[in-house]
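Written out below as structure tokens is the structure these notes cover.
Protein chains in written order, with the numbering used here: chain A, 1 to 405; chain B, 406 to 548.
Structure (structure tokens):
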């Protein structure tokens, strides 16, 4: 609908026909399809379709004719956003009537180290300087009133698409800003749950920005807080906000990660790397080991943690090694939570909340339980839990020893 | 993979009355000297009916008219990313071209068709990314 599909279809079908002919020819000569595989040449650089803004202009006309809305009765509050893995101050159970919650996000393009060991780095595109962008928390029925700004020193165009919102490409169509500009968008949080938000400037720029860290989560709580399936309140002591980020970093012919002078300079190389669909890194909170060792999330035995996992681009399967997802809201907060989960599922392009009360002290690894991604690509975080060990839950009966024969 | 998009084919050349239409090439580059993301050359003066071809020397770019920054009555054009379009410009006046992904980075160029010496009233007063405006301003000095 948004795309010039006519030209694209022509292009694609022609390429497919050519490739099909080459394969068939090779197969005829050798008598096998397996032998035909080496005949395949790398795909030529694709021409990419670019969305037309005619639809957006049509929408502007509809908006100009729309009935004005009276929000004079709403109380305005400001929410101060904080860096991940922390959550902004908030009430779990809403007080009073729905409010207009004012927040501010500033786009910041900055060079960030992805892996200290290899020196892999990226000109990350961030909201407020972090990957993921900050967690936003409101209650169902509240309005989010966002001021989106872009630093003058930035070089790219940005916007924001809130999956929690309704209409205008999640606000994406109304929030395009250039460096040195700002815009204000207000939307009503009608659905309760955790939702991703991300930059979506159009076409290939969408995955390019998302895969450079430009995404985060909004949690829309039910007004009366989280509940189990029987309606009993489920309060939490702390939120751990984890943004899983897949990076596709270009390498040179020696396999060394390339470096770039400015944001945007890696555009063509990044598109080629993304086309492999094989991330070079899958990390929590922006970098390998951002939440491990002395940067682990600290907890005490008996504390209840709400783990919010955002993955804007790929499916993920969080698992807390040595613990569980006692209550997991994979869909919305309106559905009853799943209980006693060993591993839960985060559909690419969503955020999920999982609740757990820690029962034993020690270090827990929180991983994407594709363990290749966890151990080789970086998708591991640590919870460092203090408190007293409970032998009734687990006890080492015999320490490792040589088997006596 | 070369595709040709020729606008107002033939008619322009006939109306312009020139014996031979010239053909110009503009490279789309990630870097040129100390400047990043550029069309090279960034300013062209051509005769009505001449053609301009956008060469994808570096990948990830396109050439398209900046909304509204085209002479009255001229036909707009929009290449796809990595597409090497060739356009024929028939109507006298100033055409501003951008690369969509790198517009905010200032990847713009100016084509003056015919003897035009000054930009139309309010030409640079539309909403433009600061870097694009800066470079367009500099390009207009070539008039």
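No residue lacks a Cβ here, since even glycine has one placed at the ideal position from N, Cα and C.
Next item on the list: Indicate the three-state DSSP secondary structure (helix, strand or coil) for residue 404 of chain A in the structure shown.
Entry: For residue 404 of chain A, the three-state secondary structure derived from DSSP is coil.
Check: Does the beta carbon of residue 543 of chain B sit closer than 7 Å to a beta carbon anywhere in chain A?
Finding: False, the Cβ-Cβ gap to chain A never drops below 7 Å.
Notebook entry, point to check: Name the chain B residues whose beta carbon is nearer than 8 Å to that of residue 185 of chain A?
Noted result: Within chain B, no residue comes near residue 185 of chain A; the closest Cβ sits about 17 Å away, beyond 8 Å.
Check: Do residue 540 of chain B and residue 510 of chain B have their CB atoms nearer than 7 Å?
Finding: No, Cβ-Cβ distance for residue 540 of chain B and residue 510 of chain B is not below 7 Å.
Note to self: Rounding to the nearest angstrom, what Cα-Cα distance links residue 334 of chain A and residue 513 of chain B in this structure?
What the structure shows: C-alpha separation (whole angstroms): 49 Å.
Notebook entry, point to check: Over what stretch of residues does the beta strand (DSSP E) that includes residue 108 of chain A continue unbroken?
Noted result: 99-115
Next item on the list: Check distances from the C-beta atoms of the stretch 445-463 of chain B to those of chain A and list, in chain order, the residues that come in under 7 Å.
Entry: Those residues of the stretch 445-463 of chain B that come within reach of chain A (Cβ to Cβ, closer than 7 Å) are 463.
Note to self: Helix, strand or coil, according to DSSP, for residue 509 of chain B in the structure here?
What the structure shows: Residue state, collapsed to three classes: coil.
Notebook entry, point to check: Along chain B, which residues have their Cβ under 9 Å away from the Cβ of residue 204 of chain A?
Noted result: 465, 486 and 506
Margin query: Can you give me the C-alpha to C-alpha distance between residue 98 of chain A and residue 74 of chain A, rounded to a whole angstrom?
Written below: 7 Å
Next item on the list: Compile a chain-ordered list of the residues in the stretch 354-366 of chain A whose CB is closer than 7 Å to at least one CB of chain B.
Entry: none
Checklist line | CA-to-CA distance, residue 194 of chain A to residue 428 of chain B, given in whole angstroms | finding: 56 Å
Next item on the list: Establish whether the CB of residue 510 of chain B and some CB of chain A are separated by less than 7 Å.
Entry: yes
Item checked: Per DSSP, cross-strand counterpart(s) of residue 341 of chain A -> A:325
Next item on the list: Hey, could you find the ends of the alpha helix (DSSP H) residue 538 of chain B is sitting in?
Entry: 535-545
Item checked: the stretch 308-325 of chain A in contact with the stretch 250-258 of chain A per 3-pair CB rule at 8 Å -> Look at the beta carbons and you see the stretch 308-325 of chain A not touching the stretch 250-258 of chain A: under three pairs across the two are nearer than 8 Å.
Checklist line | Residues that residue 250 of chain A contacts on chain B, provided the C-beta gap is smaller than 7 Å | finding: The contacting residues do not exist; residue 250 of chain A stays about 12 Å from chain B at best.
Margin query: DSSP three-state label for residue 269 of chain A, please.
Written below: helix
Checklist line | Identity of the residues DSSP links to residue 386 of chain A by a beta bridge | finding: A:300
Next item on the list: Would you kindly work out how many angstroms separate the C-alpha atoms of residue 127 of chain A and residue 114 of chain A, rounded to a whole number?
Entry: 17 Å
Next item on the list: For the stretch 119-138 of chain A and the stretch 232-251 of chain A, state whether three or more C-beta atom pairs, one from each stretch, are separated by less than 8 Å.
Entry: Taking 8 Å as the limit for Cβ pairs, the verdict is that the stretch 232-251 of chain A does touch the stretch 119-138 of chain A.
Check: Ordered along the chain, which non-local residues of its own chain (more than five positions away) have a Cβ less than 8 Å from that of residue 415 of chain B?
Finding: Its pLDDT being 41, under 50, residue 415 of chain B is placed unreliably by the model, and nothing is read from it.
Notebook entry, point to check: If we cut at 7 Å on Cβ distances, does residue 155 of chain A have a partner in chain B?
Noted result: yes
Check: Hey, does residue 216 of chain A have any beta-carbon neighbour from chain B nearer than 7 Å?
Finding: no
Next item on the list: Starting from the beta carbon of residue 441 of chain B, find every residue of chain A whose beta carbon is closer than 9 Å, and list them in chain order.
Entry: 155, 261, 262, 264 and 265
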